[in-house]
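This report concerns only the one structure given below.
There are 2 protein chains.
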Amino acid sequence: MRVFLKIEYDGTNYCGWQIQPNGLSVQQVVEKAILSLTGEDVCITGSGRTDSGVHALGQVAHFDTQSSIPAEKFASALNQFLPEDVKVVESYKVDSEMHARFSAKRKTYRYSVYQSKHPRPLIDRYSARVEFPLDISAMQKACQKFIGAHDFIGFSSTGSDVKDTVREIYSASVESCGEQIIFTVCGNGFLYNMVRIMAGTLVAVGLGKISPDEMDSVILSKNRKKAGATMPPRGLTLVNVEYC
Amino acid sequence: MRVFLKIEYDGTNYCGWQIQPNGLSVQQVVEKAILSLTGEDVCITGSGRTDSGVHALGQVAHFDTQSSIPAEKFASALNQFLPEDVKVVESYKVDSEMHARFSAKRKTYRYSVYQSKHPRPLIDRYSARVEFPLDISAMQKACQKFIGAHDFIGFSSTGSDVKDTVREIYSASVESCGEQIIFTVCGNGFLYNMVRIMAGTLVAVGLGKISPDEMDSVILSKNRKKAGATMPPRGLTLVNVEYC
Chain G
0 MRVFLKIEYD GTNYCGWQIQ PNGLSVQQVV EKAILSLTGE DVCITGSGRT DSGVHALGQV
60 AHFDTQSSIP AEKFASALNQ FLPEDVKVVE SYKVDSEMHA RFSAKRKTYR YSVYQSKHPR
120 PLIDRYSARV EFPLDISAMQ KACQKFIGAH DFIGFSSTGS DVKDTVREIY SASVESCGEQ
180 IIFTVCGNGF LYNMVRIMAG TLVAVGLGKI SPDEMDSVIL SKNRKKAGAT MPPRGLTLVN
240 VEYC
Chain W
0 MRVFLKIEYD GTNYCGWQIQ PNGLSVQQVV EKAILSLTGE DVCITGSGRT DSGVHALGQV
60 AHFDTQSSIP AEKFASALNQ FLPEDVKVVE SYKVDSEMHA RFSAKRKTYR YSVYQSKHPR
120 PLIDRYSARV EFPLDISAMQ KACQKFIGAH DFIGFSSTGS DVKDTVREIY SASVESCGEQ
180 IIFTVCGNGF LYNMVRIMAG TLVAVGLGKI SPDEMDSVIL SKNRKKAGAT MPPRGLTLVN
240 VEYC
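Quick note, the sequences are listed as chains G and W, same order. So for the first sequence, numbering that gives the first Met the number 0 puts the first residue at 0; every next one is plus one. So for the second sequence, numbering that gives the first Met the number 0 puts the first residue at 0; every next one is plus one.
Okay, here's the thing in structure tokens:
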């Protein structure tokens, strides 16, 4: 049977989702837990990569198993073999045509920043620090410009060989949450580093370096240099992946 | 001059505030940073101990220095020498009679729990998991019973040689905050493990094991066995210490 796992992880100590020649990946520790539980040396397929240091509330991955363990019991059973910073929060059986990557319809990410003169150890792990105050209402206005289908090539890092760089953004918001400012974005897919560059562009708006009215031209320019900086991985979390 | 430091730390990787024979303490890393910055081998005095794994948003400590660095510059200067999980968020000069421990008038702690069948890596570092749903309104009613001056000996762990076990609680609240339930308590002082046992008692109330109406008799009994469990350190944070 094919099993879908919904996985939450603190990416701080991992080289990302995908197995890499050097560094421990989240995929690797989940595969090892499956091996320990079932004796099967499977390869799991994630909905997509997350970079080194990026977190997930709801990464989704699938694998095929001959195990007689009911699919919905895999979460608790695998958690016995997983470290504290990687846990399966849900497991369920799916049709064999379902694919964690190719069947994904929508992904939601959030990017968190906080403003402080000094680093704040209790926020810093999941949020990126900005030294100067941010204009949240300007950021809220600006983030609306991401909505719709756009060629986001200017919001991607080089090094990717993706040909079609048009992505559709369904929703985008910026909200103040305690001491954090959280940018949440949902779309049909994201280019390499796209959310971190979107967040960096919104921070540039918040700092007054880009006006919300300039956002359309920044997107239309398709020029990486017009967009903001690539924000650090610690502020990024893959919130969920939807399949229907 | 005497300098007060307000220190924020993620206590996960420390054996607590105070220097211990085995394990790295927060006090130790701050003293080392002062040595690196000023060349002075000082002993800093904290407002009180925090146990292994307990966090702080606003631990306060003092030290005396001959350094010509202005007191308010110590925060940024020391942060260059401190690890990511310990940072000074404020520094200021005080009169030489001011003492981080003996001059403290009020302390505020918070204890966070979350309810989930599975451990949640992105919440788990600063919050303790409870497997079953909690009745928040019962917890809110129960926590009010802590307010006032009481002999809290039944809410302390043995191993302390404190003679006067009466403490005054000025305020106590339970609030739902996203997926966390946060107990915040302010008092003139706390016995060993007192906040963790108060939190455990409120969890027992939330689970229906103790009714809010029984709280008075639990406190009056002065019997450790009548109160709830000592909750794990990860959910506890020293929020601030007030001096006037």
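Glycine residues also receive a C-beta, built at the ideal position from the N, C-alpha and C atoms.
Boundaries (first-last residue) of the beta strand (DSSP E) holding residue i
i                      : result
residue 179 of chain G : 179 to 186
residue 176 of chain G : 165 to 176
residue 95 of chain W  : Element bounds for residue 95 of chain W: n/a, residue is neither H nor E.
residue 282 of chain G : Absent from the structure is residue 282 of chain G, since the part of chain G shown begins at 0 and ends at 243.
residue 111 of chain G : 105 to 114
residue 150 of chain G : 147 to 150
residue 235 of chain G : 235 to 241
Interface flag, residue i vs chain W, CB-CB below 8 Å
i                      : result
residue 198 of chain G : no
residue 111 of chain G : no
residue 25 of chain G  : no
residue 240 of chain G : no
residue 84 of chain G  : yes
residue 74 of chain G  : yes
residue 123 of chain G : yes
residue 117 of chain G : yes
residue 21 of chain G  : no
residue 132 of chain G : no
residue 120 of chain G : yes
residue 91 of chain G  : no
residue 53 of chain G  : no
residue 50 of chain G  : no
residue 260 of chain G : For residue 260 of chain G there is no data in the structure shown, the boundaries of chain G being 0 and 243.
Top-ranked residue by Cα proximity to residue i, from the options
i                      : options                      : result
residue 145 of chain W : W/165, W/175, W/70 and W/21  : W/165
residue 202 of chain G : G/31, G/113, G/60 and G/92   : G/113
residue 197 of chain W : W/215, W/228 and W/212       : W/228
residue 230 of chain G : G/217, G/199, G/97 and G/115 : G/199
residue 84 of chain W  : W/4, W/193, W/11 and W/186   : W/11
residue 39 of chain W  : W/46, W/53, W/232 and W/64   : W/64
residue 136 of chain W : W/215, W/189, W/181 and W/3  : W/181
residue 222 of chain W : W/134, W/70, W/73 and W/153  : W/153
residue 238 of chain W : W/129, W/110, W/215 and W/34 : W/110
residue 129 of chain G : G/194, G/193, G/234 and G/0  : G/234
residue 14 of chain G  : G/105, G/27 and G/211        : G/27
residue 162 of chain W : W/151, W/140 and W/3         : W/151
residue 217 of chain G : G/49, G/125, G/94 and G/149  : G/149
residue 211 of chain G : G/240, G/183 and G/134       : G/134
residue 41 of chain W  : W/61, W/53 and W/22          : W/61
residue 142 of chain W : W/171, W/48 and W/72         : W/171
residue 140 of chain G : G/46, G/47, G/53 and G/209   : G/209
residue 215 of chain W : W/147, W/72 and W/183        : W/147
Cutoff 8 Å: residue i Cβ touching any chain G Cβ
i                      : result
residue 203 of chain W : no
residue 12 of chain W  : no
residue 211 of chain W : no
residue 232 of chain W : no
residue 108 of chain W : no
residue 191 of chain W : no
residue 7 of chain W   : yes
residue 2 of chain W   : no
residue 29 of chain W  : no
Buried versus exposed call for residue i [16 or more other C-beta atoms within 10 Å across all chains shown]
i                      : result
residue 67 of chain G  : exposed
residue 7 of chain G   : buried
residue 169 of chain G : exposed
residue 56 of chain W  : buried
residue 29 of chain G  : buried
residue 205 of chain G : buried
residue 155 of chain G : buried
residue 88 of chain W  : buried
residue 94 of chain G  : exposed
residue 192 of chain G : buried
residue 21 of chain W  : exposed
residue 77 of chain G  : buried
residue 160 of chain G : exposed
residue 236 of chain W : buried
residue 186 of chain G : buried
Identity of the residues DSSP links to residue i by a beta bridge
i                      : result
residue 63 of chain W  : W/1
residue 58 of chain W  : W/6
residue 128 of chain W : W/113
residue 22 of chain W  : Paired residue(s): none; residue 22 of chain W is not in a bridge.
residue 86 of chain G  : G/7
residue 44 of chain G  : G/61
Element boundaries [alpha helix (DSSP H), containing residue i]
i                      : result
residue 70 of chain G  : That residue, residue 70 of chain G, is in no alpha helix (DSSP H); it is neither H nor E in DSSP.
residue 27 of chain G  : 25 to 37
residue 201 of chain G : 193 to 205
residue 219 of chain W : 214 to 220
residue 142 of chain W : 135 to 142
beta-carbon residue i near the ligand SAM non-hydrogen atom, thresh 7 Å
i                     : result
residue 30 of chain G : The ligand SAM is not part of this structure, which contains no ligands at all.
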